[in-house]
Amino acid sequence: MQRAGSITTEDVTADGPTVVLSATGISKRFGGITALSDVSLDLRPGEVHALMGENGAGKSTLMKILSGVYTDYEGTVAIDGQAVRFAGVRDAEDAGIAIIHQELNLVPELSVADNIFLGREKLIAGLVVDRKASSRAAKALLQRLGIELDPEARVGRLRVGEQQLVEIAKALSKSARILIMDEPTSALSPAECERLFRIIRQLAASGVAIVYISHRIDEVMHLASRVTVLRDGRHVLTNDMAALNEDAIISAMVGRDLMASSDHQRGPGGKAVLAVRDLSLSKPDRHGWRSVIEGVSFDLSAGEILGIGGLLGSGRTEILEAIFGSGGGRTGGEIKLDGAPVEIGSPREARRLGIALVTEDRKTQGLHLTASITDN
628 MQRAGSITTE
638 DVTADGPTVV
648 LSATGISKRF
658 GGITALSDVS
668 LDLRPGEVHA
678 LMGENGAGKS
688 TLMKILSGVY
698 TDYEGTVAID
708 GQAVRFAGVR
718 DAEDAGIAII
728 HQELNLVPEL
738 SVADNIFLGR
748 EKLIAGLVVD
758 RKASSRAAKA
768 LLQRLGIELD
778 PEARVGRLRV
788 GEQQLVEIAK
798 ALSKSARILI
808 MDEPTSALSP
818 AECERLFRII
828 RQLAASGVAI
838 VYISHRIDEV
848 MHLASRVTVL
858 RDGRHVLTND
868 MAALNEDAII
878 SAMVGRDLMA
888 SSDHQRGPGG
898 KAVLAVRDLS
908 LSKPDRHGWR
918 SVIEGVSFDL
928 SAGEILGIGG
938 LLGSGRTEIL
948 EAIFGSGGGR
958 TGGEIKLDGA
968 PVEIGSPREA
978 RRLGIALVTE
988 DRKTQGLHLT
998 ASITDN
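Start counting the sequence shown at 628; every next residue gets the next number (the working numbering).
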């Protein structure tokens, strides 16, 4: 069977469950660095297959090979039992493979409908974009997925969770039957995660095969039917999720028994490195000043990891921004570093004091994309 833009080599169908996509003996090197070494993966129709591993394990590299981003590699990729070699992303899309990257690839200035059909616009007489037709088609697609979004809404004004749904609709508008999702919940609230999970289950029930990359073990244990673990660029484990527990997955990821990891030292108690007392933040709106956070107090000791939980809009992000000096508006309360009161009026001052902030939206707030890696 010949696929457009790809090189068909041989039939690699094997006995066993139906496999829509397989990767066998995949190796990939970047100069003298081996990113993948003899890695194999198979994907069945209608399954959610979790791909797990620590940072640098090779997950994203493998997915970029499967989606046509990387074309130079060793090993065999097969679709429906036929070996293929994609010449690029468009070839992979023509074969029914779509990937949703962790950093979303949307144009903020365009509408939902324009983003869904970007590069495949519906035209009048082959010359003029038919925006009404695009909007109708986008609305029908969103309704089929149970997504309540205005096709005419500008994507840049949507929340990250809503933009994630636009990416899914965009992928399915290309008739994707293999969907790769790279850390899709990394910036979502619990409610947005649940909505995403509902759509993923709906897609799987309709026969779409899904590769789901995530570090959140509790999440994938409830969502995925099978799991593959990579470590240091090598295949470690593939098994039914029902046959594994959380400890077994973590042990496969890190390469050691958790019970043997007894050298962990908790942070020392006593004097706090960071002390926050009665922190408040108010921001202006059309009705005056609106209280965003009020009366927040906590201590953080050296070596300690402090979790801040809460629902979307509860003020978690605003607490961090107020401490970092990037919250804007009016702040109140007291912040102490090593017992000494400090006033942090800007991120520059926070950095001078040794405080860093990894923002929720790293692409637009955490990096200057037009500057070099060194400058960033």
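Ideal Cβ positions, reconstructed from N, Cα and C, are used throughout, including at glycine.
> Out of curiosity, what's the CA-to-CA distance linking Ser-833 and Arg-904?
Replying inline: On the sequence shown, position 206 is the one that residue 833 refers to. On the sequence shown, position 277 is the one that residue 904 refers to. If you draw a straight line from the Cα of Ser-833 to the Cα of Arg-904, it comes to about 52 Å.
> Can you give the beta carbon distance from Ser-852 to Met-679, rounded, assuming they're within the 8 Å contact cut?
Replying inline: As a working mapping, residue 852 is identified with position 225 in the sequence shown. As a working mapping, residue 679 is identified with position 52 in the sequence shown. The beta-carbon separation of Ser-852 and Met-679, rounded to 14 Å, does not stay under the 8 Å limit for a contact.
> Near Val-716, what residues of its chain come up, given a Cβ to Cβ distance below 7 Å and the 5 sequence neighbours on each side ignored?
Replying inline: By 1-based counting over the sequence shown, the position of residue 716 is 89. If you ignore the 5 residues before and after Val-716, its C-beta comes within less than 7 Å of the C-beta of Ser-694, Gly-695, Val-696, all in its own chain and listed in chain order.
>> If contact is defined by three or more beta carbon pairs under 8 Å, each pair taking one atom from either stretch, is the stretch 808-816 in contact with the stretch 721-735?
In response: They touch, by the three-pair rule.
>> Just verifying my parser: in three-state terms, what is the DSSP assignment at Val-782?
In response: Within the sequence shown, numbered from 1, the residue matching residue 782 stands at position 155. When secondary structure is reduced to three states using DSSP, Val-782 falls in the helix class.
> Going along the chain, which residues of its own chain have a beta-carbon closer than 6 Å to the beta-carbon of Leu-668, five neighbours each way excluded?
Replying inline: Along the sequence shown, one-based indexing puts residue 668 at 41. Excluding sequence positions up to five before and after Leu-668, its CB lies within less than 6 Å of the CB of Ala-650, Thr-855, all in the same chain and listed in chain order.
>> Please give me, in chain order, every unbroken run of the alpha helix (DSSP H) with length at least 4 that falls completely inside the stretch 823-862.
In response: Entirely contained in the stretch 823-862, the alpha helix (DSSP H) runs reaching 4 residues are, in chain order, 844-850.
> Does the Cβ of Lys-797 have 16 or more other Cβ atoms within 10 Å, making it buried, or fewer, making it exposed?
Replying inline: Translated into the one-based positions of the sequence shown, residue 797 becomes position 170. With 16 or more other Cβ atoms inside 10 Å of its own Cβ, Lys-797 counts as buried.
> If Val-739 and Leu-776 are in contact, beta carbons under 8 Å, what's the gap, nearest whole angstrom?
Replying inline: Translated into positions along the sequence shown, residue 739 becomes position 112. Translated into positions along the sequence shown, residue 776 becomes position 149. Between Leu-776 and Val-739 the Cβ distance is about 6 Å, and since that is below 8 Å, they are a contact.
>> Taking the alpha-carbon of His-676 as reference, which of Leu-830, Gln-791, Ile-660, Arg-989 has the nearest alpha-carbon?
In response: Here residue 676 corresponds to residue number 49 of the sequence shown, with the count starting at 1. Minimum Cα distance to His-676 is reached at Leu-830.
> Hey, quick one: how far does the beta strand (DSSP E) through Ser-878 stretch, first residue to last?
Replying inline: As a position in the sequence shown, residue 878 is number 251, starting the count at 1. Careful: Ser-878 lies outside any beta strand (DSSP E), inside the alpha helix (DSSP H) at 873-881.
>> Counting C-beta neighbours from all protein chains within 10 Å, is the total for Gln-790 16 or more, i.e. buried, or is it exposed?
In response: As a position in the sequence shown, residue 790 is number 163, starting the count at 1. That one is buried.
> Does the separation of the CB atoms of Ile-972 and Val-985 fall below 8 Å?
Replying inline: For the purposes of this step, residue 972 is taken as residue 345 along the sequence shown, with counting starting at 1. For the purposes of this step, residue 985 is taken as residue 358 along the sequence shown, with counting starting at 1. Before going on, a small fix: residue 972 reads as Gly here, not Ile. Between Gly-972 and Val-985, the CB-CB gap reaches or exceeds 8 Å.
>> Quick check for students: name the residue ranges of the alpha helix (DSSP H) that lie wholly in the stretch 780-816, counting only runs of 4 or more.
In response: Complete alpha helix (DSSP H) runs here, min 4: 787-800.
> What do you reckon, are the CB atoms on Ala-901 and Gly-954 nearer than 8 Å?
Replying inline: Position 274 of the sequence shown holds residue 901. Position 327 of the sequence shown holds residue 954. Looking at the sequence itself, residue 901 is Leu, so the reference to Ala does not match. The answer is no: Cβ separation not under 8 Å.
>> So for Asp-988, helix, strand or coil by DSSP?
In response: On the sequence shown, residue 988 is found 361 positions in, with the first residue counted as 1. In the structure shown, Asp-988 sits in coil (DSSP, three-state: anything other than H, G, I, E or B).
> Is Lys-749 helix, strand or coil by DSSP?
Replying inline: As a first step, residue 749 must be located in the sequence shown, where it is residue number 122. Lys-749 falls in the coil class under three-state DSSP.
> Do you know offhand how far Ile-692's Cα is from Asn-682's?
Replying inline: For the purposes of this step, residue 692 is identified with residue 65 of the sequence shown, where counting begins at 1. For the purposes of this step, residue 682 is identified with residue 55 of the sequence shown, where counting begins at 1. Spanning the two alpha carbons is a distance of roughly 18 Å.
>> Please tell me whether Gly-685 and Ala-662 are closer than 8 Å, where the distance is taken between their beta carbons.
In response: Your numbering for residue 685 matches position 58 in the sequence shown. Your numbering for residue 662 matches position 35 in the sequence shown. Less than 8 Å separates the beta-carbon of Gly-685 from that of Ala-662.
> For Gly-993, which three-state DSSP category applies?
Replying inline: Along the sequence shown, read from residue 1 onward, the residue named residue 993 stands at position 366. When secondary structure is reduced to three states using DSSP, Gly-993 falls in the helix class.
>> Taking the straight line between their C-alpha atoms, what separation do you get for Ser-924 and Tyr-839?
In response: Position 297 of the sequence shown, counted from the first residue, corresponds to residue 924. Position 212 of the sequence shown, counted from the first residue, corresponds to residue 839. Taking the straight line joining both Cα atoms gives about 38 Å.
> According to DSSP, which residues form a beta bridge with His-914?
Replying inline: Counting from one through the sequence shown, the residue named residue 914 turns up at place 287. Paired residue(s): none; His-914 is not in a bridge.
>> Let me confirm a value: Pro-644 is counted as buried when at least 16 other C-beta atoms fall within 10 Å, else exposed. Which label applies?
In response: Within the sequence shown, numbered from 1, the residue matching residue 644 stands at position 17. It counts as exposed.
> Asn-732: buried (16+ other C-beta within 10 angstroms of its C-beta) or exposed?
Replying inline: Taking the first residue of the sequence shown as 1, we reach residue 732 at position 105. Within a 10 Å sphere around the beta-carbon of Asn-732 sit fewer than 16 other beta-carbons, which makes this residue exposed.
>> Please identify the residue among Ile-946, Gly-673, Gly-915 whose C-alpha is closest to the C-alpha of Ala-803.
In response: Indexing the sequence shown from 1 puts residue 803 at position 176. Of Ile-946, Gly-673, Gly-915, the residue nearest in Cα terms is Gly-673.
>> How far does the beta strand (DSSP E) with Leu-670 in it extend, from its first residue to its last?
In response: Start at 1 with the first residue of the sequence shown, and residue 670 comes out as number 43. Taken as a continuous stretch (DSSP letters only), the beta strand (DSSP E) holding Leu-670 covers 660-670.
> Can you name the residues that DSSP bridges to Arg-656?
Replying inline: Against the sequence shown, residue 656 aligns to sequence position 29. Thr-661.
> Where do the ends of the alpha helix (DSSP H) carrying Glu-976 lie?
Replying inline: Stepping through the sequence shown from its first residue, residue 976 is reached at position 349. Annotation for Glu-976: the continuous alpha helix (DSSP H) segment containing it runs 974-979.
>> Along the chain, where does the beta strand (DSSP E) containing Ile-971 start, and where does it finish?
In response: Mapped onto the sequence shown, residue 971 falls at position 344. Run containing Ile-971: none; DSSP gives neither H nor E here.
>> For Phe-951 and Glu-945, I'd like the C-alpha separation in whole angstroms.
In response: Position 324 of the sequence shown holds residue 951. Position 318 of the sequence shown holds residue 945. Cα to Cα, the separation comes out at about 10 Å.
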